[in-house]
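A short write-up of the structure that comes next.
Number of protein chains: 2
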Amino acid sequence: MNGGAPRAAAGTDAAGDLARLSVNQETVKQWSLPELAEGCAAAGVGSVGLWRAPVRAYGVERAARLMRERGLTVTSLCRGGFFTARDPEERAAALDDNRAAVDEAAALGAGALVLVSGGLPEGDRDIAAARRRVADAVRDLAPYARARGVRLAIEPLHPMFASDRCVVSTLGQALDIAEAFPAEQVGVVVDAYHLWWDDRAPAQIARAGRGGRIACFQVADWVTPLPKGVLLGRGQLGDGCVDLRGLREAVDAAGYRGAVEVEIFNPGLWARDGAEVLAEVAERYRRHVL
Amino acid sequence: MNGGAPRAAAGTDAAGDLARLSVNQETVKQWSLPELAEGCAAAGVGSVGLWRAPVRAYGVERAARLMRERGLTVTSLCRGGFFTARDPEERAAALDDNRAAVDEAAALGAGALVLVSGGLPEGDRDIAAARRRVADAVRDLAPYARARGVRLAIEPLHPMFASDRCVVSTLGQALDIAEAFPAEQVGVVVDAYHLWWDDRAPAQIARAGRGGRIACFQVADWVTPLPKGVLLGRGQLGDGCVDLRGLREAVDAAGYRGAVEVEIFNPGLWARDGAEVLAEVAERYRRHVL
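From first to last, the protein sequence lines stand for chains A and B. Just so you know, we're using our numbering here: the first sequence kicks off at 498 and counts up by one. Just so you know, we're using our numbering here: the second sequence kicks off at 498 and counts up by one.
And the structure:
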């Protein structure tokens, strides 16, 4: 329920201490999908998180085959969601797009389809109503995902994204939505970057674990100053102030046995050699997360 | 307890609908203190929020006399706090500085001394411990403030400031600290900009009101994209997505009868004529807050 243990990377010398490490492809965005597959295999990393746009550009079935051939587990597909529109046509279009995302997650055998809820529509000041629309949209999407064996994972984003990206701001809110469904159908994402500041996160992680709701555990570090737009300000593991090990221990104590997915949006990392970045991620993971 | 009603501006034609409006001097940072006093009197604004640095530069007693002569109520003095240091000498220096801030607030007859807690010390990853140090520091400062008739007001800042500016991120956390003291000694700041995203804010505002803890109510709007460093990204009232009227009604329903202080850090406003900005603030206040 709390995510399957990632398979060992086939045909690699995966060190035991990297067995749970998953690398989200945005961390090494400079790599194509084949480079990612090759680079992870070479580094002994057996799991990846993928994004829809590069997967679609490469071809969904082709990407799925590539991952299978390299023995890579796809721990998450980012992302569905963005269904806070009030306009009925926009809402219907968003649900159509989410069904396509479910199909892609199914083709990839992804552990979860990550849902980022979307922000407030232009000119809207009613965040409570927007949150209700998210719950409604998940209800509309859930049967389609269930029929295709895809688990939905609601991701709370940091409150600094509440207006323009994700009105679901805390793990408690995500669980309130998820718990209307069986745990194997709708879980949550615990992302250290988004939740580190929240004094209720430990209790909500325990709640999520009790219910078998932790579909993904993601890590990045919090560094300041935040850049303009704030999206690309995530730090390499260990460069910031997040107690990554403490949060990893908390999800473990809650019963999670799945992957630890490193998802860092950082142009500084993208400007470097991908293999060098991946090696650094592995080293930081050992030092600050394990 | 919930802040006194601001006095009507003496010698002005203060329209009744601006009776609660207070203008924080950072909103019209281009103005000197005499310009602020003159401009507010001319615009029928009877209350201001002041900052320590410009007050000290002008002279504390002199500033107090200026405000008295113009019949201006000082609703808040920003700011004390920044007492999360672990180092004993740094901590002692912070407390010394806070006692000076209390003295200044007393001289100005300020309705409250706003406390911004401070962030995590360099290299520190234990935010729970930093929050405990804030509670300890308030305990150390409270008797000094009480003896001088100064009310302390703990301000929760948006979680995007948790690492570098304020580990107190929610109204609930601020109340947990304040409630160890009598309400007339330690209250809280309810700032719409910092709390708008929080689904628990309505319940915490009600809690704050029941306890007579609302020492200040501040407003600014949330606009995106956030600028680099995020501090100076606040929007003019009505330019963003905050339900300012709803929050004002919530503090009113909780029993608050004090000022509505407009505190907007925005270089775009600072580049304009101060009187024009103040007139716009008054107009937006009528349209979006009243």
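Glycine included, each C-beta is placed from N, C-alpha and C at the ideal position. From a predicted model like this one, the values you see are computed outputs, not experimental measurements.
- Would you say V665/A and Y690/A are within 9 angstroms of each other, going by their C-beta atoms? Position 168 of the first sequence, counting from 1, holds the residue named residue 665/A. Position 193 of the first sequence, counting from 1, holds the residue named residue 690/A. Taking 9 angstroms as the cut-off, the beta carbon of V665/A is found no closer than this to the beta carbon of Y690/A.
- Message: Run through chain A and tell me which residues come within less than 7 angstroms of A659/B, C-beta to C-beta.
- Response: Taking the second sequence and counting its residues from 1, one reaches residue 659/B at position 162. The contact set of A659/B on chain A, defined by CB atoms closer than 7 angstroms, consists of W694 in chain order.
- Using 8 angstroms as the threshold, is the region 578-589 of chain B in touch with the region 762-774 of chain B, meaning 3 or more CB pairs across them? Short answer: they don't touch.
- Query: Assuming V687/A contacts I711/A under a Cβ cut-off of 8 angstroms, what Cβ separation, rounded to an integer in Å, is found between them?
  - Reply: Taking the first sequence and counting its residues from 1, one reaches residue 687/A at position 190. Taking the first sequence and counting its residues from 1, one reaches residue 711/A at position 214. With a contact defined as Cβ atoms closer than 8 angstroms, V687/A and I711/A qualify at about 6 angstroms.
- Closest by C-alpha distance to E619/A, when choosing among A659/A, R781/A, D740/A: For the purposes of this step, residue 619/A is identified with residue 122 of the first sequence, where counting begins at 1. Answer by Cα proximity: A659/A.
- Message: With a threshold of 8 angstroms, are at least 3 pairs of Cβ atoms found where one atom belongs to the region 627-647 of chain A and the other to the region 690-701 of chain A?
- Response: Taking 8 angstroms as the limit for Cβ pairs, the verdict is that the region 690-701 of chain A does not touch the region 627-647 of chain A.
- Message: Please classify D514/A as buried or exposed, where buried requires at least 16 other C-beta atoms within 10 Å of its C-beta.
- Response: The residue given as residue 514/A occupies position 17 in the first sequence. Under a 10 Å Cβ-count criterion, D514/A is classified as exposed, with fewer than 16 other Cβ atoms of the shown protein chains found around its own Cβ.
- Item | For F714/B: DSSP bridge partner residues | Residue mapping note: residue 714/B aligns to position 217 of the second sequence, counting from 1. Per DSSP, the beta bridge partners of F714/B are V687/B, V757/B.
- Cβ atoms of R576/A and L612/A: under 9 angstroms apart, would you say? On the first sequence, residue 612/A is found 115 positions in, with the first residue counted as 1. On the first sequence, residue 576/A is found 79 positions in, with the first residue counted as 1. Yes. Within cutoff.
- Task: Under 7 angstroms Cβ to Cβ from Y641/B, same chain only, skipping five residues before and after it: list those, please.
- Result: As a working mapping, residue 641/B is identified with position 144 in the second sequence. These residues qualify, in order along the chain: R596, V599.
- Query: Nearest to T570/B by alpha carbon, out of G615/B, N521/B, D673/B, R549/B?
  - Reply: Position 73 of the second sequence, counted from the first residue, corresponds to residue 570/B. Looking only at G615/B, N521/B, D673/B, R549/B, the smallest Cα-Cα distance to T570/B is reached by N521/B.
- List the residues of chain B that P656/A touches, going by C-beta distances under 8 angstroms, in chain order. Here residue 656/A is taken as the residue at index 159 of the first sequence, counted from 1. The contacting residues are H655, P656, M657, W694, D695.
- Task: Indicate whether at least one CB of chain A lies closer than 9 angstroms to the CB of I624/B.
- Result: Here residue 624/B refers to the residue found at position 127 of the second sequence. It does: the Cβ of I624/B has a partner Cβ on chain A nearer than 9 angstroms.
- Anyone know if the C-beta pair for G578/B and G615/B falls short of 9 angstroms? Looking up residue 578/B in the second sequence gives position 81. Looking up residue 615/B in the second sequence gives position 118. Their beta carbons are under 9 angstroms apart, which means G578/B touches G615/B by this criterion.
- Message: Using DSSP's beta-bridge definition, name the partner residues of T570/A.
- Response: Position 73 of the first sequence, counted from the start, is the residue given in the question as residue 570/A. In the DSSP assignment, T570/A forms a beta bridge with S544/A.
- Query: Should A756/A and S529/A be called a contact, given that it needs their Cβ atoms to be closer than 9 angstroms?
  - Reply: Here residue 756/A refers to the residue found at position 259 of the first sequence. Here residue 529/A refers to the residue found at position 32 of the first sequence. No, the pair does not count as a contact, with Cβ atoms beyond the cut-off.
- Query: What residues of chain B sit near Q682/A, judged by a beta carbon separation below 9 angstroms?
  - Reply: On the first sequence, position 185 is the one that residue 682/A refers to. By Cβ distance, chain B contributes nothing, its closest Cβ being about 24 angstroms from Q682/A, past 9 angstroms.
- DSSP three-state assignment for V613/A, whether helix, strand or coil: Here the question's residue 613/A lines up with position 116 in the first sequence. The answer is strand: DSSP assigns V613/A an E or B state.
- Contacts of P764/B in chain A (Cβ-Cβ under 7 angstroms): Position 267 of the second sequence, counted from the first residue, corresponds to residue 764/B. Result: empty, since nearest Cβ-Cβ is about 13 angstroms, beyond 7 angstroms.
- For A795/B, does the count of other Cβ atoms within 10 angstroms reach 16, so buried, or fall short, so exposed? With chain B covering only 498 through 787, there is no way to say anything about residue 795/B.
- With contact counted as at least three CB pairs below 8 angstroms, one residue from each stretch, are the region 672-680 of chain B and the region 745-760 of chain B in contact? Taking one beta carbon from each stretch, the region 672-680 of chain B and the region 745-760 of chain B have fewer than 3 pairs nearer than 8 angstroms; the two do not touch.
- Which class does N763/A belong to by DSSP, given the choice of helix, strand or coil? For this step, residue 763/A is matched to residue 266 along the first sequence. Reduced to three states, the DSSP call for N763/A is coil.
- Message: Using a Cβ-Cβ distance cut-off of 9 angstroms, determine whether T721/B contacts chain A.
- Response: The residue given as residue 721/B occupies position 224 in the second sequence. It does; some Cβ of chain A falls within 9 angstroms.
- For L518/B, which three-state DSSP category applies? Within the second sequence, residue 518/B is the residue found at index 21, counting from 1. Three-state result, L518/B: strand.
- Query: Residues of chain A with a CB under 8 angstroms from the CB of V739/B: which are they?
  - Reply: Working through the second sequence from its first residue, we reach residue 739/B at position 242. Neighbours of V739/B in chain A, taken as residues at a C-beta separation under 8 angstroms, are given in chain order as R622.
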